[in-house]
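Beneath this line is the structure, given in C-alpha cells, with notes to follow.
Protein chains: 2
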Amino acid sequence: ADPARAQIMRECATWLASKFREMRMEPEIVATPGAPVVLAKWKKGGSAKRRTVLIYGHYDVQPAEMGDGWTGDPFEPRLIDGMVVARGSTDNKGQIFAHMMGVAEKIKAGGPETDVIFLVEGEEEVGSDNLEGVLRSRKEELACDVAVISDTNMAGPDKPTLTYGLRGISALEVELTGPSHDLHSGVYGGAVVNPITVLTRLLAGLHHPTGQVAVPGFYKKVRKVAAWERKAAKALRVPDAEVKRQAGSPALGGERGFSAIERIGMRPTAEINGITGGYQGPGPKTVLPSKASAKLTFRLVPHQDPKEIADLVERDLKKRCPKTVKLKVTRHHGGFPYFCDPTKGFGPAASKALSQAWGGKRVDYLLEGGTIPIVSVIKNVLGVETLLVGLSLPDCRAHGPDETFPIEYLERGAKMNQALLKEIAGV
Amino acid sequence: ADPARAQIMRECATWLASKFREMRMEPEIVATPGAPVVLAKWKKGGSAKRRTVLIYGHYDVQPAEMGDGWTGDPFEPRLIDGMVVARGSTDNKGQIFAHMMGVAEKIKAGGPETDVIFLVEGEEEVGSDNLEGVLRSRKEELACDVAVISDTNMAGPDKPTLTYGLRGISALEVELTGPSHDLHSGVYGGAVVNPITVLTRLLAGLHHPTGQVAVPGFYKKVRKVAAWERKAAKALRVPDAEVKRQAGSPALGGERGFSAIERIGMRPTAEINGITGGYQGPGPKTVLPSKASAKLTFRLVPHQDPKEIADLVERDLKKRCPKTVKLKVTRHHGGFPYFCDPTKGFGPAASKALSQAWGGKRVDYLLEGGTIPIVSVIKNVLGVETLLVGLSLPDCRAHGPDETFPIEYLERGAKMNQALLKEIAGV
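Line order of the protein sequences matches chains A and B. Take any residue in the first sequence, count from 1 to its spot, add 34: that is its number in the numbering used here. Take any residue in the second sequence, count from 1 to its spot, add 34: that is its number in the numbering used here.
Rendered as C-alpha cells:
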C-alpha cells in the first residue's frame, strides 16, 4: 500500500503478464482504483464436460526493511541451505509461481486436463478491496468449477495439507467518554467514574471464566465439529507444547475441552487487539482521563455471520455499559468463515493430488485460524468452493524478516498443480 | 523541571531573597541538587513562650505556552476584571505573596506576635524531592510550633476554608507479558492468552460492584469519619450536580452511601491513570500483543499507609494473575494522608483568623482529595501540624491556561496572615 511502490507494482503486473504470454496463455492487466489485477486464461474448450479451474494468488507483499532484522536485502533473493530468502518468497510469489510452473509445463506438452484461469491480484495484503468488483464485472468470463489457492501453511515439512476451513472475522472499535476533559485524579477521583475502569469491566466481561466468549447468543450458530475433524486435528501432531513454544508463552489457555490446535481452528474467539487510555509516558501521572478505547476482533467459525456477531457484541456492550460514560462503537471490516468438507466435491481430488506430489504421504486436514476473505467472495460471486492447498511451512516467516520458501517446493508445487488439475478433470 | 528554565529559577530565588531582605528578614538561599530553597527568618526571641510559625510556599510553576489556550503571555501578568492572570498567580505566587505582605506590614509596625520562618521551595510541582533533605539538615534551625500553607482551594468565593485533611497516594505500574513477541491473532488466538484480556480482568477486579475497592485489607486502617465531618461536608454546599458540572461527566458514580464531595475527601480510591497494549493506530490490526500495562494510583485516607497499600495491591494482583502471563509490578511514589482535627491544637486559631479576614463569615471545613506530600514530611521531620488555609478558588485554573488569582485576595490573605499569627501567639 506504500504509494512510493506503485510503479514497482505496475512493473510486477507487467512482468507477470509477459510471463503468462511466454506460457502461451492469454494475459490481461485489469486496472482497478488500486493495484492492477492480472488475469491469464488457457482455454481448450470443446467438450461441455471440460472443467475450468481458477487459480488465485497475489503479487503484493508486506513491507520489509533491513532494520526489521533481515540478514540481507529483502528484495534481492538469496538461496541459503535450499531456501529462497526474500520478501514474498512464501507469501505469495513462490506459491503462485509453483502453479504457473505446473501449468506452463503442461501447456508445452499439449495442455492440462482442465481449462485454467489465473487471477493474481496486488492488494491481498491490504484487504483485497478492489477484487470483488473485478469478480463481479468479469463474472461470466471467470466462470469456473472450483478455485485453487496456495496461500496457507502445511502442517509441517513433508506434511501435505488440505486446509478445509478458515475462520471469519468481525472487527469493532469501542470508545468510552466519561468526563468532558481530563481531570485531576485526586480532586475528582472517587466521585467521577473513570472510563478506563468501565472499559476494563466491559472487556473483562467478554469471556466466561471457562474461556468461552460471554456475549449472549455468540455460539448460537456455531456448527458442531464432526468426530473425524477432531481425529484429523489430533493427526496433525501439533501438540500444545509446540504452539506454546512458537508463541513463547508462559502457558496456554482458552476454552476448556479443546486442544490448542482445535481452539485455533474450530472455535471462535474474542480478542482485544489494542487498548488505550490516559497517560502512557514514563512514570506516574495523576490523571482521570476523559476517554478510553479498545480495538476488538472476533474470529468466527461456520456458520457465524460477521454482521450478526457485531450486532450481538454491540448490544451486549450497550446493555452492560453504565450511564456514567458514553459508549461509541465503530464497525470495521468483516469476513465470513469458510468450510468445505474435504470428503465431498473436489476435496478427495485435492487430497489425492497432494499425496501424489509428496510421494504418497498421508494428507493432513487443517482448519486455519486466520481469515482469507476472498474465499467467501469467490463463493458468493462465482458460486464455487476453494481448495486451499498451501505450500508454506509454519516457520517460513511470512510477514517477518528473512521470509523463506523451500526451493524444492517449487517443483513439488508444480507436480501438485498438475496432479490436481488432472484429478479435477476426472471428478 | 525544564532545564532551560534553571537560570530563571535561580533569578526567582534571588528576587525572593532580596524581597525578604527589604522586609528586614534574614534570607538565605539554600542550594540543593535541584532548585534552591529560600529561607527567611524574623526572630524576636526573648520569652520562651513565644511561638514560631513556619510558612511554606513554592516559587516554581507548571509549564505554560500560548498553544495551551492562554489569551496572553502566561509569564506577563495581566489584571483583568480584578483578577491577576498569569502562570503561578494562584499556584503559588499569589498565595505565598499574601503571607509575605502580611508579615512585611507587621514588621514595619514592630513585628508580628510570633517568630516567623518562611520556607519557599522551587520543586513542589516536580515532587519536592530535595526538600526533605533540607528539613532534616536544618531541623533545629527550622524548629517551630506549627506550619502554615496556603496552597489549597477555598470552598468557593467568600467562603473562608480550613482544609483539615488531605488524601495520601500510592502509585504502581503493572506490566503483563504473555507471548514473547506479538502474534497473529488469527493464527494463535483462542489458544494463546492475550495479556490485554488478563489485564482487563485484573483491573476490573479492583472494584466491587458497590464501587468499593476490592483489594483485600484495603479498608482495614481507614478511620471512621466523625458525624461533625459529614455535617461540615454538607455545609460546603457543593452538591453532586456541581461536581458533575465541573467534570462534564454524563453521571457521577463511586462508593455507595456517600455524596460526591464525601467520596472525594473522606474515602480512598483505586484509579487507573493509564492503560496501554497492542495496536493503537487508525483502523484494525489483527495482533495478539506480547505486552499490556497500566498505571495505577490509590488515594488514601487516614490511617492508610502508602507502602502497606502497595503491598496489599501487589499481593492481590499476584494472587489473581493467571499463569498464562508474567506479572511485573513497579512501585512509584507514595505520600501519606493527612488529618488535623480543626477543633484541636491551632485549628480554632486558624478558623478565627479566616473568619476575621472574611468579615466574620462562617468558616468551612474541607477534606481535600489531592495530596501534598510535604505536609506529612513536615509532621515527620519537624513534628508539627500544618494549617491549610488556602486562598485559591475552584475556578482559578491552577495548572491550566489563564490561571488567575483575585487581586483583592492579596489584601485578604495579608489580613488573614496577621490575624492567624496573632491567634497562634495567643493559644
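Just so you know, even glycine gets a beta-carbon here, dropped at the ideal spot from N, CA and C.
Per DSSP, the unbroken beta strand (DSSP E) holding Asn-307 of chain A starts and ends at 303-312.
Per DSSP, the continuous beta strand (DSSP E) segment holding Glu-60 of chain B begins and ends at 60-64. Considering only beta carbons, the part of the stretch 221-237 of chain A lying closer than 7 Å to chain B consists of Val-221, Tyr-222, Gly-223, Gly-224, Ala-225, Val-226, Val-227, Asn-228, Ile-230, Thr-231, Thr-234, Arg-235 and Leu-237, in chain order. Closer than 7 Å at the C-beta level to chain A, one finds these residues of the stretch 302-316 of chain B: Thr-303, Glu-305, Ile-306, Asn-307, Gly-308, Ile-309, Thr-310, Gly-311, Gly-312, Tyr-313 and Gln-314. Between Glu-445 of chain A and Val-180 of chain A, the CB-CB gap reaches or exceeds 8 Å. By the Cβ-count criterion, Glu-305 of chain B is buried, with 16 or more other Cβ atoms from all chains shown falling within 10 Å of its own Cβ. Across the stretch 324-354 of chain A, CB contacts with chain B closer than 9 Å involve Ser-324, Ala-326, Ser-327, Ala-328, Lys-329, Leu-330, Thr-331 and Arg-333, in sequence order along the chain.
The stretch 286-300 of chain B makes contact with the stretch 220-233 of chain A: 3 or more CB pairs, one atom from each, lie closer than 8 Å. With contacts defined as CB atoms closer than 8 Å, Gly-311 of chain A and Leu-233 of chain A qualify as a contacting pair. Shown here is that no member of the stretch 112-140 of chain A has a Cβ falling below 9 Å from a Cβ of chain B. Close to chain A, meaning a Cβ-Cβ distance shorter than 9 Å, are the following residues of the stretch 272-285 of chain B: Asp-274, Val-277, Lys-278, Gln-280, Ala-281, Gly-282, Ser-283, Pro-284 and Ala-285. Using a CB distance cut-off of 8 Å, His-215 of chain B counts as an interface residue toward chain A.
In terms of Cα proximity to Lys-395 of chain B, the closest of B:Gly-190, B:His-218 and B:Val-409 is B:Gly-190.
In this structure, the beta-carbon distance from Leu-88 of chain A to Pro-376 of chain A does not fall below 8 Å. When DSSP states are grouped into helix, strand and coil, Trp-392 of chain A belongs to the coil group. Within the DSSP secondary-structure output, Ser-52 of chain B pairs in no beta bridge. Taking a 10 Å sphere around the C-beta of Pro-61 of chain B, we find 16 or more other C-beta atoms and assign the residue as buried. Neighbours of Ser-219 of chain B in chain A, taken as residues whose beta carbon is under 8 Å from its own, are Thr-303, Glu-305, Asn-307, Thr-331 and Arg-333 in chain order.
The C-beta distance from Val-415 of chain B to Leu-169 of chain B rounds to 4 Å, short enough to meet the 8 Å contact threshold. Interface flag for Val-359 of chain A against chain B is set, since a Cβ pair is found closer than 8 Å.
In the DSSP assignment, Ser-426 of chain B forms a beta bridge with B:Asn-187. In the three-state scheme derived from DSSP, where H, G and I count as helix and E and B as strand, Gly-381 of chain A is classed as helix. Chain-ordered, the chain B residues with CB closer than 8 Å to the CB of Arg-201 of chain A read Gly-220. Residue environment for Ala-275 of chain B: exposed (fewer than 16 other C-beta atoms within 10 angstroms of its C-beta). Around the beta-carbon of Glu-99 of chain B, fewer than 16 other beta-carbon atoms lie within 10 Å, marking it exposed. By the rule that beta-carbons nearer than 8 Å mark a contact, Ile-298 of chain A touches chain B. The beta carbon of Thr-197 of chain B sits no closer than 8 Å to any beta carbon of chain A.
Contact annotation: Tyr-313 of chain A and Leu-200 of chain A have beta-carbon atoms that are not nearer than 8 Å. For the alpha helix (DSSP H) assignment, the uninterrupted runs of no fewer than 4 residues enclosed by the stretch 199-281 of chain A are, from N- to C-terminal side, 219-222, 229-238, 261-269 and 274-281.
For Thr-195 of chain A, the pairing in a beta bridge is given by DSSP as A:Asp-398. Residues of the stretch 403-423 of chain B that bring their beta carbon within less than 8 Å of a beta carbon in chain A comprise Gly-403, Gly-404 and Thr-405, in sequence order. For Ser-327 of chain A, the enclosing beta strand (DSSP E) has its first and last residue at 325-334. Annotated three-state conformation of Tyr-443 of chain B is helix, per DSSP. Beta bridge pairing from DSSP links Gly-368 of chain B with B:Ser-204. In the three-state DSSP reduction, Val-347 of chain B falls in the helix class (H, G or I). Looking at the DSSP output, His-337 of chain B bridges to nothing.
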